[in-house]
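Below is one structure, written out as structure tokens; the observations come after it.
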Ligand code: DGY
């Protein structure tokens, strides 16, 4: 008798080689839309599947979704963050949750630096100035920004991406301080990093780069009090998750020029509408969650997410399992 192939739902036409890999191993049902699948359709689509490959930016796997998908055994996220998944519930139900770390680290760190430099040197404002035909000649006070070389960078959350940002900063001869739950003495040594409390980091840094995961502890981490601690010349860069920063407090700080500027890859809410007050500010650069959007990174993420799903459903431990407890829970099932 032919072995039954697992049935999976895939929420986007993810880049190659995701679909060829998945289709060779599994029965794939695919959302072909150019906008995210509507929630009610998603809940219907996952009702009879044993695995899903989804974007952590568009599909939420909460209790409602897991109750709708009672056969679910593997959730494979295209992306590193797992804040779209109710992890304790998935673990309690023995559902494997997988992600794609490593392969997007350098690409995302490049992007952090792109935002940092662009805000420091007011590049979007400057480009608009030329496009709007306002350029009449050189002027000594035209679009003067902040200097990056030799400045102090504060990194909040020193995981793989934070570390990759620090390596870039070393090339700019920056003093690098970091605030993180766990101290990393080896990186302090090799990259010359200084550990700090969050408050001291905010007081001292010329550039504050958020790279921490969104958790109950980091939600709203940067609010009015924290922004007030920053220097008036400081720049905030968020490549982590929008809800880590209080958007109203950020708007007020930028509007009153209590900080110099902000570069946001992620926002709260996402997607952000064009009517959002933050978009009225020249000192706020906002791009639509494209930190990992390098062609190579996206292909590597696609391959890894597909491999995670295929392995998990075949009873092999996926290369990137976020909740190993779920694997240990039900050895008999594999
Ligand atoms: C990630 O990998 O978590 C990125 O933010 C893309 O969603």
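Numbering (the numbering used here), first residue to last: 333 to 666. Yeah, the Cβ is synthetic: ideal placement off N, Cα and C, and Gly gets one too. Please read all numbers here as calculations on a predicted model, not as lab measurements.
heavy atom of ligand 1 below 6 Å from residue i C-beta
i, result
"residue 411", "yes"
"residue 624", "yes"
"residue 389", "yes"
Member of the options whose CA lies at the smallest distance from the CA of residue i
i, options, result
"residue 348", "644, 633, 658", "633"
"residue 593", "354, 564, 467, 542", "564"
"residue 428", "438, 434, 437, 417", "417"
"residue 579", "548, 547, 549, 613", "613"
"residue 508", "398, 533, 629", "533"
"residue 456", "587, 640, 619", "619"
"residue 684", "551, 599, 561", "Nothing can be reported for residue 684, as the shown portion of the chain is limited to 333 through 666."
"residue 615", "426, 588, 390", "588"
"residue 523", "485, 644, 645", "485"
"residue 573", "440, 505, 631", "440"
"residue 382", "538, 403, 473, 451", "403"
First and last residue of the uninterrupted beta strand (DSSP E) at residue i
i, result
"residue 526", "525-527"
"residue 485", "484-488"
"residue 510", "507-511"
Cutoff 6 Å; reference residue i; Cβ partners in own chain excluding five residues on either side
i, result
"residue 604", "none"
"residue 350", "634, 638"
"residue 359", "337, 339"
"residue 333", "In this prediction, residue 333 has a pLDDT of 44, which is less than 50 and means its spatial position is unreliable; what the coordinates show is noted afterwards. Cβ within range, chain order: n/a, list empty."
"residue 451", "567, 593, 595, 617"
Cutoff 7 Å; reference residue i; Cβ partners in own chain excluding five residues on either side
i, result
"residue 423", "655, 657, 658"
"residue 625", "none"
"residue 597", "443, 447, 570, 571, 619, 621, 622, 623"
"residue 364", "345"
Residue i: first and last residue of the uninterrupted alpha helix (DSSP H) it sits in
i, result
"residue 496", "492-503"
"residue 532", "530-536"
"residue 376", "371-377"
"residue 357", "350-357"
Contacts around residue i, its chain only, beta-carbon distance under 8 Å, and the 5 residues preceding and following it disregarded
i, result
"residue 556", "578, 581, 584, 585"
"residue 529", "511"
"residue 502", "508, 523, 524"
"residue 378", "341, 384, 397, 400, 401, 404"
Residue-chain proximity (residue i, chain B), Cβ-Cβ < 7 Å
i, result
"residue 501", "Within the model displayed, chain B is absent; a lone protein chain is all it includes."
What are the start and end residues of each continuous alpha helix (DSSP H) run of 4 or more residues lying completely inside the segment 551-579, in chain order?
-> Listed in chain order, they are 556-561.
Would you mind listing the beta strand (DSSP E) stretches within the segment 383-442 that are 3+ residues and don't spill past its ends, in chain order?
-> Qualifying beta strand (DSSP E) stretches, in chain order: 383-387, 406-410, 428-430.
Those runs of the beta strand (DSSP E) which lie wholly inside the segment 589-662 and span at least 3 residues | With a minimum length of 3 residues, the continuous beta strand (DSSP E) runs that stay inside the segment 589-662 are 593-596, 616-618.
Whole alpha helix (DSSP H) elements within the segment 450-477, 4-residue minimum = List check, alpha helix (DSSP H) in window: 455-463.
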